[in-house]
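Please read the structure below before turning to the comments.
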Amino acid sequence: MFVSIILLWLCIWFIIVQLKSRRPKNFPPGPPALPILGNILQLSLENPLEDFERLRKTYGSVYCLFLGPKPAVIISGIKAIKEALVTKATDFAGRPQDLFVNDVTQRKGVILADYGSSWRDHRRFALMTLRNFGLGKSSMEERIHRELHYTMNTVEKSIGKTLSPQMMFHNMASNIICQVLFGKRYEYDDDFIKKIVHCFTENAKMTNGPWAMLYDSLPMIRALPLPFTKAFKNATICQNLVISLLAEHKKTRVPGEPRDFLDCYLDELDKRVDDGSSFSEEQLIMYALDIHFAGTDTTSNTLLTGFLYLMAYPHVQERCQQEIDQVLAGKPQASFDDRHNMPYVQAVIHEVQRIANTVPLSVFHSTTKDTELMGYSIPKGTMIIPNLTSVLNEEGQWKFPHEFNPENFLNDKGEFVKPEAFMPFSAGSRVCLGEGLARMELFLAIVTLLRRFKFIWPEDAGEPDFTPVYGVTLTPKPYCMKIQLRE
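Every number in the working numbering is 584 more than the matching position in the sequence shown, counting from 1.
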């Protein structure tokens, strides 16, 4: 009997040792991990950002967590993130290919594509096409102003009343990128834009949320009818919407005379027939959705954060309006170049981006080869999570790291300065390809709206709640704004 008990315990011990998450030699430190589950019980599945900061204080700026049986290296602070994403950009330019979000997107598109020739070809094509359709030029400014005309009309209808701006800003950002991708805009009550914005919003909340973390950590639950299945249904809805648009384009296009991004890609397909390239119609569908999501969700959530803080800090809003009035006196509308004469407005917009922290964990990276980081050995294929939150509020990098204050971007002379730690678009070879468009949209939208309207926190709404809703992007909780027409 005694021998049987000893043998049973030896078997249990052997199984635990075999299942135990193993740390390679000279790997970053981290908390002890449980078999199978890893460290997921030590993280808040609703929002792990505070847990990441707590663990950083114990284990340093580079540490390891096991998400299930797989190790992930969390990097925090400007020094570690710059070494990984800038100095050793190629070593850290991969993407994990076995996560919930990869399955939802069927491993297509450009944002989540692994580092290699397909990703390089598609990124180069996207940058070239966006430039051809006006990125950084006055033609893109005109597209934004045309859409702002509809936004202004929506706001004007609410003068003297309250307005919930969530859908308005999402629709505005969506329409601007729709004009580039599909050559058309949609009325704010159109079924297409309502469906696609709704699906994007739901999937953004789910992608880094608790169900995604459980999906990634425990593969055995993936076949169960759990809430994460909703993300797959949303992805199918969006794909079908783009398939319909693609069918229309194929009927009406004139080869060599592209009207928009879809036409440009179809022209590229014509050139690459039978050359074995990664360009395909299936790739195009997810590619367009990639760019649409990236161009919609981040910009709209930054605007929502911006107006929440402008209402909570009315003296900041008023000072912006004074500068706008002075610089734009006699001009019918703002241009992107006007930013050079508006240091305070520039400081406010950048402070909004810093405090919004819209993509707090960037998009997860992976190592493309065996490499080193801050003296630790990181094997090829290791998942890397850049904690951008840690940079955007890092002590020593900002005058006021933990509060909303435009002085973070102004020097002693009142001139606009951009600290090295400002990286809301990430950094290195995987930096957001829509950064230029987002910066232009934020400036023109905020300046145009503040020039005409005053935004007031409703008296009966209680205190503003700045706590964001966590997901792959951080979203402000829904709120209302009271609108007044400026004199």
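For every residue, glycine included, the Cβ atom is placed at its ideal position computed from N, Cα and C.
> Leaving out the 5 sequence neighbours to the left and right, which residues in its chain are closer than 6 Å to E907 when beta-carbon positions are compared?
Replying inline: Cβ within range, chain order: M926, Y928, V929.
>> Spatial neighbours of R903 within its chain, please: C-beta separation below 7 Å, excluding the five flanking residues on both sides.
In response: For R903, the CB contacts under 7 Å within the same chain, skipping 5 residues up- and downstream, are Y928 in chain order.
> Do you know how far the Cα of F753 is from the Cα of K789?
Replying inline: 17 Å
> Is F988 closer than 8 Å to I939 when the C-beta atoms are compared?
Replying inline: yes
> Nearest to I760 by alpha carbon, out of L618, H949, E725?
Replying inline: E725
> Exposed or buried, L765, counting other C-beta atoms within 10 Å across all chains shown (16 or more means buried)?
Replying inline: buried
>> Comparing C-alpha positions only, which one of E832, V911, L711 sits nearest to D847?
In response: It is E832 whose Cα lies nearest to the Cα of D847.
> With a cut-off of 8 Å, does the C-beta of K692 fall near any C-beta of chain C?
Replying inline: Of the protein chains in this structure there is only one, and it is not chain C.
> Candidates L830, T674, N686, Q690: which alpha carbon is nearest R704's?
Replying inline: T674
> If we ignore side chains and look at the alpha-carbon of each, how far apart do C1064 and V739 end up?
Replying inline: When rounded, the distance between both Cα atoms is 12 Å.
> Buried or exposed: which applies to M1072, given that a residue is buried once 16 or more other Cβ atoms fall within 10 Å of its Cβ?
Replying inline: The displayed coordinates of the chain run from 585 to 1071. Any statement about residue 1072 would go beyond what the structure contains.
> Which residue's Cα is closest to the Cα of D775: M797, I821, E731, L873?
Replying inline: I821
> Who pairs with E956 in a beta bridge, going by DSSP?
Replying inline: S961
>> Quick check on the DSSP output: the alpha helix (DSSP H) that includes M790 runs from which residue to which?
In response: 775-791
> How would you label V857, buried or exposed, when you count the other beta carbons within 10 angstroms and need 16 or more for buried?
Replying inline: exposed
> So is F984 buried or exposed if we call it buried at 16+ other beta carbons inside 10 Å?
Replying inline: With fewer than 16 Cβ atoms within 10 Å of its Cβ, F984 is classed as exposed.
>> Counting C-beta neighbours from all protein chains within 10 Å, is the total for P809 16 or more, i.e. buried, or is it exposed?
In response: exposed
>> Give me the residue from P898, K672, I624 with the minimum Cα distance to R1014.
In response: Of the listed residues, the one whose Cα sits closest to R1014 is K672.
> Grouping DSSP H, G and I as helix and E and B as strand, with all else coil, what is V929?
Replying inline: In the structure shown, V929 sits in a helix (DSSP, three-state: H, G or I).
> Could you check where the beta strand (DSSP E) with C648 kicks off and where it finishes?
Replying inline: 646-651
> Which residues in the same chain as L747 place their Cβ atom closer than 7 Å to its Cβ, once the five residues preceding and following it in sequence are excluded?
Replying inline: Non-local beta-carbon contacts of L747 in its own chain, meaning distances under 7 Å to residues more than five positions away in sequence, involve V739, C1064, M1065, I1067 in chain order.
> Straight-line CA distance for K953 to F650?
Replying inline: 20 Å
> Alpha carbon to alpha carbon, what distance is there between I728 and A656?
Replying inline: 40 Å
> Which whole runs of the alpha helix (DSSP H) in the segment 624-676 are 4 residues long or more, in chain order?
Replying inline: 633-643, 661-666
> Among L639, D635, N631, which one has its Cα closest to the Cα of P613?
Replying inline: L639
>> Residues in the same chain with beta-carbon distance under 8 Å from K834, minus the five sequence neighbours each way, listed in chain order, please.
In response: Around K834, the same chain offers L850 as residues with beta carbons nearer than 8 Å, after the five sequence neighbours per side are excluded.
> Do you know how far the Cα of M797 is from the Cα of P803?
Replying inline: 10 Å
> Between which two residues does the alpha helix (DSSP H) carrying M736 extend?
Replying inline: 722-740
> Considering only residues of the segment 746-777, which uninterrupted alpha helix (DSSP H) runs meet the minimum length of 4 residues and lie entirely inside it, listed in chain order?
Replying inline: 750-766
> Nearest CA to the CA of T713: which residue from Q763, P680, V1053?
Replying inline: Q763
>> Classify T973: buried if its beta carbon has 16 or more other beta carbons within 10 angstroms, exposed otherwise.
In response: Flag for T973 reads buried.
> When the Cα of R1023 is compared with those of D773, H934, P1060, which residue comes out closest?
Replying inline: H934
> When we look at the beta-carbon of R923 and count the other beta-carbons within 10 Å, is it buried (16 or more) or exposed?
Replying inline: Only buried fits R923, as 16 or more other CB atoms lie within 10 angstroms of its CB.
> What's the call for F812, buried or exposed, on a 16-neighbour Cβ count within 10 Å?
Replying inline: buried
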